[in-house]
Amino acid sequence: MVAGDASQEPLIVLDKVNKFFGDLHVLRDVDLSVGRGEVVVVIGPSGSGKSTLCRAINRLETISSGQITFDGKALPAEGRALARLRSDVGMVFQSFNLFAHKTILENVTLGPIKVRKDKPEEARKRGMTLLERVGIANQAGKYPAQLSGGQQQRAAIARALAMQPKAMLFDEPTSALDPEMVGEVLDVMTSLARDGMTMVVVTHEMGFARHAANRVVFMADGQLVEQAEPGEFFANPRSDRAKDFLSKILTH
Amino acid sequence: MPVFSDPTNFDAYVSGFLWILKLTGASALLALVLGVLLAGMRVSPVPVLRWFGAAWVNIFRNTPLTLIIFFCYFGLYATLSITLSDDLILNNFWLGVVGLSVYTAAFVCEALRSGINTVPAGQAEAARAIGLTFSQTLRIVVLPQAGRAVIAPLGSVLIALCKNTTIVGTIGLLEASNVMKQLINDNGDQVILIFLVFAGTFAAVLIPVGYFFGWLANRLAVKR
Ligand SMILES: Nc1ncnc2c1ncn2[C@@H]1O[C@H](COP(=O)(O)OP(=O)(O)OP(=O)(O)O)[C@@H](O)[C@H]1O
Ligand SMILES: [Mg+2]
Chain A
1 MVAGDASQEP LIVLDKVNKF FGDLHVLRDV DLSVGRGEVV VVIGPSGSGK
51 STLCRAINRL ETISSGQITF DGKALPAEGR ALARLRSDVG MVFQSFNLFA
101 HKTILENVTL GPIKVRKDKP EEARKRGMTL LERVGIANQA GKYPAQLSGG
151 QQQRAAIARA LAMQPKAMLF DEPTSALDPE MVGEVLDVMT SLARDGMTMV
201 VVTHEMGFAR HAANRVVFMA DGQLVEQAEP GEFFANPRSD RAKDFLSKIL
251 TH
Chain B
1 MPVFSDPTNF DAYVSGFLWI LKLTGASALL ALVLGVLLAG MRVSPVPVLR
51 WFGAAWVNIF RNTPLTLIIF FCYFGLYATL SITLSDDLIL NNFWLGVVGL
101 SVYTAAFVCE ALRSGINTVP AGQAEAARAI GLTFSQTLRI VVLPQAGRAV
151 IAPLGSVLIA LCKNTTIVGT IGLLEASNVM KQLINDNGDQ VILIFLVFAG
201 TFAAVLIPVG YFFGWLANRL AVKR
């Protein structure tokens, strides 16, 4: 391959990123790069800055210093360029955040129609295909409140995929779910990972991290404390913070 | 009902309430458009727009409507010679509509703004995350949900507006309350009857309006 080929350079690069909320230093000199097709799982104790990191990547949260590059370009600060960037980065939230006044299919077609200016008919066709893929095509005409949590989260994943994003961010996608619904969402995520989607996943699901991730990143107090391939990380965590954290979550 | 069996009086009664209807309709439409724009300004990231929205609400919500209508007549029309129609009656009508609209828009704006606060922040975040711009997020995701949450309060604003239109009588329009005053002047022996008929007409229209908005609010409520 030619040197400098776009497929060689990482898709997401964070360079010395700092974030303050007032006096609170939430991200401290964070350096992270995510390759194309790579699945990175971010773990760490509550309040360590995982959500903030995730949200900074599509600029739902601004950063105080440092630089974030997506697909070779610095994140735009605002306006249409920022909106365009966001449409390239799918985001899945802990609380689903499906548009409550729109049906499931409308949720999935809204972005394609309003942002990408697709024809409604085409958007609906592709929307139905996506809903089939996540296994809820039969719920297309219902409103979010009529669906179970697991179904809502799968719809939210379909909504993000409808924009044909280059990467997907997941912020604790299964934390708000009843235990019996966690599996169905993780299955969808695992199949996405297999299909080569670039993913940054904040999660406490260690099974998912083991099976689907290329790399595990451990955060504490706003810092990336350590990162490793999952087998390595779970077997031999190097830092005391990571050992301590793992001992707490793996015992139950 | 001796007063109203006189066709002249009956026609005056009907045309008085027709003016009320026209004033209410035109002002409600204008106030809704203005109120939505103002609410958008009040939550926008642009400081000048936020300031403008807040100034509008603070000025017009805290000025008695009578003063606003007088200003439209004596200020806009008599002093600044702003005419809205060559027909004197229509000119008064439109001056009244302007006053009622700028005043009512402040209340529509505040109702919508309280509705916006009922929409979880995650809704706007999800909208931004799929690449909708600020104004698309507001128009497509936030305001429709905010609007549904405040249908009942907007109904109250509409009812208040309808009653407030009688103030336009003070600048010469022969709307219902003005007609009532004339009928009372000419028929001093039937004051109570005249009063009951006019008040009853307002109630007969506005009570169903109130129930309708309550029903609509239930029907359109966003389930979460
Ligand atoms: N909008 C905000 N304003 C002020 N402080 C905030 C804000 N958002 C987050 N914080 C603080 O920043 C820190 C990091 O928060 P963040 O949500 O990124 O942590 P997290 O690792 O995702 O935690 P959790 O596992 O509980 O979700 C916390 O101390 C939090 O209280
Ligand atoms: Mg979090």
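Going down the list, the sequences are from chains A and B. One point on numbering: in UniProt numbering, the residue at position 82 of the first sequence is 82, and numbering is uninterrupted. One point on numbering: in UniProt numbering, the residue at position 178 of the second sequence is 178, and numbering is uninterrupted. Note that beta-carbon positions come from the ideal geometry of N, C-alpha and C, so glycine has one too. For clarity, every value in this text was computed on a predicted model and none was experimentally measured.
In chain A, which residues lie less than 7 Å from residue i when you measure between Cβ atoms?
i	result
T133/B	R80, A83
I194/B	Per Cβ cutoff of 7 Å: no residues; I194/B is ~47 Å from chain A at best.
G122/B	F93, S95, N97
V141/B	F99
Is the closest heavy atom of ligand 1 to the C-beta of residue i under 7 Å?
i	result
V41/A	no
K119/A	no
V26/A	yes
G147/B	no
F93/B	no
F208/A	no
G44/A	yes
G40/B	no
F21/A	yes
G47/A	yes
Less than 8 Å between the beta carbons of residue i and residue j, yes or no?
i	j	result
V202/A	E172/A	yes
V188/A	I157/A	yes
C109/B	T24/B	no
A129/B	N58/A	yes
G150/A	L177/A	yes
V108/A	M219/A	no
I104/A	K142/A	yes
F213/B	G155/B	yes
E38/A	R194/A	no
M199/A	A167/A	yes
T118/B	A149/B	yes
A162/A	R124/A	no
K19/A	S64/A	yes
By Cβ distance below 6 Å, which residues in the same chain neighbour residue i in space, the five residues on each side in sequence not counted?
i	result
V2/A	Because the pLDDT at V2/A is just 44, under 50, the model does not fix this residue reliably, and the value given afterwards should be weighed accordingly. Same-chain partners within the cutoff: there are none.
D29/A	K16
V13/A	S33, T69
N187/B	V3
V36/B	none
G40/B	L138
G99/B	I68, I69, C72
Q190/B	V3
V102/B	F60
Is residue i a contact residue of ligand 2, with contact defined as CB to any heavy atom under 7 Å?
i	result
K125/A	no
E205/A	no
S191/A	no
E172/A	yes
K243/A	no
K50/A	yes
What residues match up with residue i in a beta bridge as DSSP calls it?
i	result
G90/A	M168/A
F218/A	I43/A, E226/A
S33/A	V13/A
H25/A	F20/A
K73/A	F70/A
V200/A	V40/A, L169/A
S65/A	N18/A
In chain order, what residues of the same chain lie with their CB nearer than 7 Å to the CB of residue i, ignoring the 5 residues before and after it?
i	result
residue 240/B	What is shown of chain B runs 1 to 224, which leaves residue 240/B out entirely.
G4/A	Model confidence at G4/A stands at a pLDDT of 46, short of 50, so the residue's coordinates are unreliable; what they give is reported in the following sentence. Contacts found: none.
A106/B	W56, V57, F60, R61
V97/B	L23, A26, S27, L30
M197/A	M168
Chain B partners of residue i, CB-CB under 7 Å?
i	result
L60/A	E125, R128, A129
S148/A	Here the premise fails: no neighbours, minimum Cβ distance about 14 Å.
Name, please, each residue of chain B whose Cβ falls closer than 9 Å to the Cβ of residue i.
i	result
residue 285/A	The structure shown does not extend to residue 285/A, since chain A spans only 1 to 252, so no value can be given for it.
A176/A	Going along chain B, no residue has its Cβ under 9 Å from A176/A, so there is no contact; the nearest lies around 11 Å.
R159/A	A126, I130
V115/A	I130, G131, L132, T133, Q136
For a contact defined as C-beta to C-beta under 9 Å, what are the partners of residue i on chain C?
i	result
R148/B	Of the protein chains in the structure, A and B, none is chain C.
What residues of chain B sit near residue i, judged by a beta carbon separation below 8 Å?
i	result
M163/A	I130, G131
S87/A	I130, G131
Find the residues of chain A that neighbour residue i, judging by a C-beta separation of less than 9 Å, and give them in chain order.
i	result
R224/B	A100, P144, A145
Applying a beta-carbon distance threshold of less than 8 Å, which residues of chain A neighbour residue i?
i	result
P144/B	H101
Within the same chain, show all residues whose beta-carbon is closer than 8 Å to that of residue i, passing over the 5 residues directly before and after it, in chain order.
i	result
T8/B	none
I136/A	I104, L147, Q151, R154, A155, A158
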